[in-house]
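In this note's numbering, the protein residues as written are 39 to 288.
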Amino acid sequence: VDCFELSDTFTNEIKKGPGDYSKEQKLQDIEEKIRNFDPSSPKASLIPLALEAAYISRSLENLKDVTMEKFERALRIINEFGLPAHKTECIYEWAWTLHWWYEDYDGFYKKYCEYEELALSSDNIYEIERLSNLWMNLRTWSFTKQDLNIKPHTIKLQEALEQFINDKSRPHTAFEAHAIMLNVSFMFKDNPEDLDIDDLVCKYIDLIKNSDKHLDFSLLTLSKIITSIPFLEDSKHYDEMFELLTTKLA
39 VDCFELSDTF TNEIKKGPGD YSKEQKLQDI EEKIRNFDPS SPKASLIPLA
89 LEAAYISRSL ENLKDVTMEK FERALRIINE FGLPAHKTEC IYEWAWTLHW
139 WYEDYDGFYK KYCEYEELAL SSDNIYEIER LSNLWMNLRT WSFTKQDLNI
189 KPHTIKLQEA LEQFINDKSR PHTAFEAHAI MLNVSFMFKD NPEDLDIDDL
239 VCKYIDLIKN SDKHLDFSLL TLSKIITSIP FLEDSKHYDE MFELLTTKLA
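Set out below in structure tokens:
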């Protein structure tokens with residue numbers, strides 16, 4: 039390194055554990071399956087292989103270009119042989135990867151806009167829930183990216199959730215939408231001081247009480263979300279909410 043006057047980064051050794059070697063072997067196996075794919079087999083069976091290759095690549099923290107190439111390959115296969123659900127899955131995971139693994143704002147925002155269009159046209163509360171996940175990532179970017187106008191995206195998310203909430207023909211979906219709205223509502227505020235924490239916790243209490251009517255609703259997921267919002271503990275109703283949630287989960 040010294041004699042070639044190369045950067046010190048060339049001397050950095052990437053420490054790998056047994057899990058990494060196992061993932062690398064699995065990735066090699068998948069790549070071999072894709073290369074030797076039987077032309078007589080259904081082409082759609084390539085989709086889970088291509089997606090898994092992208093997921094493993096990111097978990098190994100490979101160079102961004104390497105992982106992006108795998109997502110691009112997956113999308114090409116999906117565009118030719120896949121269903122709309124495959125495309126939303128790919129674009130969502132792609133955006134998630136750019137945010138959490140590579141901290142690439144420009145790439146993330148591009149994929150966010152692509153996923154937003156797909157989610158809003160899907161009439162599927164699951165896709166809107168995932169849009170809310172990406173929106174929260176976008177919201178965190180908005181604190182440092184002064185040129186980011188998040189308002190149009192916020193309005194689209196709010197309108198989509200309100201449409202589901204007001205749909206009386208699908209009460210379970212409406213309940214899910216109400217929960218999602220509650221989970222992101224505190225991030226709608228530009229000024230944290232405008233947030234009424236007691237009111238928010240009371241709404242969570244009502245949500246938990248009514249969850250018995252919706253057997254498919256995941257209280258466990260809700261509990262993880264609630265316990266990840268530390269300022270809720272400042273509410274005078276927090277102990278009541280926590281006790282109710284613990285009782286329901288038991």
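The beta carbon of each residue, even a glycine, is placed where N, CA and C say it ideally should be.
Host alpha helix (DSSP H) of Asn216 (start-end): Walking along the sequence shown from the start, residue 216 turns up at place 178. It should be noted that the sequence gives His, not Asn, for residue 216. Start and end: Pro209 to Ser223.
Host alpha helix (DSSP H) of Asn171 (start-end): Here the question's residue 171 lines up with position 133 in the sequence shown. Ile163 to Ser180 is the extent of the alpha helix (DSSP H) around Asn171.
Close Cβ partners of Asp254 (< 7 Å) along its chain, the five nearest in sequence each way excluded: One-based indexing of the sequence shown puts residue 254 at position 216. Only His210 meet the Cβ criterion.
Start-to-end residues for the alpha helix (DSSP H) that takes in Gln196: In the sequence shown, counting from the first residue as 1, residue 196 sits at position 158. Taken as a continuous stretch (DSSP letters only), the alpha helix (DSSP H) holding Gln196 covers Lys189 to Ile203.
Pro77 in three-state terms, based on DSSP: As a first step, residue 77 must be located in the sequence shown, where it is residue number 39. Of the three classes helix, strand and coil, the one that applies to Pro77 here is coil, per DSSP.
Short Cβ contact (9 Å threshold) for Ala91 with Leu65: As a working note, residue 91 is residue 53 in the sequence shown. As a working note, residue 65 is residue 27 in the sequence shown. Yes, the pair counts as a contact, with Cβ atoms nearer than the cut-off.
Same chain only: Cβ atoms within 7 Å of Ser45, ignoring 5 sequence neighbours per side: Here residue 45 is taken as the residue at index 7 of the sequence shown, counted from 1. Only weak support is given to the placement of Ser45: the predicted model assigns it a pLDDT of 39, under 50, and the value that follows is read from those uncertain coordinates. If we look at Ser45 and ignore the five residues flanking it on each side, it has no Cβ neighbours.
CB-CB length for Leu84 against Ile115, believed under 8 Å: What you label residue 84 is simply residue 46 of the sequence shown in a count that begins at 1. What you label residue 115 is simply residue 77 of the sequence shown in a count that begins at 1. The Cβ separation is near 5 Å, so the contact holds.
Residues near Ile52 in its chain [Cβ-Cβ closer than 8 Å; skip 5 each side]: To locate residue 52, count along the sequence shown from 1; it is residue 14. With a pLDDT of 44 at Ile52, under the threshold of 50, the modelled position of that residue is not reliable, and the figure given next carries that caveat. Answer for Ile52: no residue qualifies.
Beta-carbon gap between Ser170 and Leu199 smaller than 9 Å: Position 132 of the sequence shown, counted from the first residue, corresponds to residue 170. Position 161 of the sequence shown, counted from the first residue, corresponds to residue 199. Yes, Cβ-Cβ distance for Ser170 and Leu199 is below 9 Å.
Three-way DSSP call (helix, strand, coil) for Asp103 in this model: As a first step, residue 103 is located in the sequence shown; it is residue number 65 there, counting from the start. Correct three-state label for Asp103: helix.
Own chain partners of Ile246 with C-beta closer than 8 Å, once the 5 adjacent residues on each side are dropped: Position 208 of the sequence shown holds residue 246. Excluding sequence neighbours, Ile246 sits near Leu257, Leu260, Met279, Leu282, Leu283 and Lys286.
7 Å CB neighbourhood of Arg177 in its chain, flanking five on each side removed: Counting from one through the sequence shown, the residue named residue 177 turns up at place 139. Same-chain partners within the cutoff: Ile188 and Met225.
Local Cβ density within 10 Å of Val104, reported as buried at 16 or more and exposed below that: What you label residue 104 is simply residue 66 of the sequence shown in a count that begins at 1. It is exposed - the Cβ of Val104 has fewer than 16 other Cβ atoms within 10 Å.
Span of the alpha helix (DSSP H), counted from its first residue to its last, around Asp244: Position 206 of the sequence shown, counted from the first residue, corresponds to residue 244. Per DSSP, Asp244 belongs to the alpha helix (DSSP H) from Ile235 to Asn248.
Endpoints, alpha helix (DSSP H) assigned at Ala82: On the sequence shown, residue 82 is found 44 positions in, with the first residue counted as 1. Premise fails: Ala82 is in no alpha helix (DSSP H) and is neither H nor E.
Gly145 versus Lys206: straight-line alpha-carbon distance, rounded: Sequence index remark: in the sequence shown, residue 145 carries index 107 (1-based). Sequence index remark: in the sequence shown, residue 206 carries index 168 (1-based). Cα-Cα distance, rounded: 38 Å.
Supposed contact pair Tyr143 and Lys183 - C-beta distance, whole angstroms, cut 8 Å: Along the sequence shown, read from residue 1 onward, the residue named residue 183 stands at position 145. Along the sequence shown, read from residue 1 onward, the residue named residue 143 stands at position 105. Right, their Cβ atoms sit about 6 Å apart.
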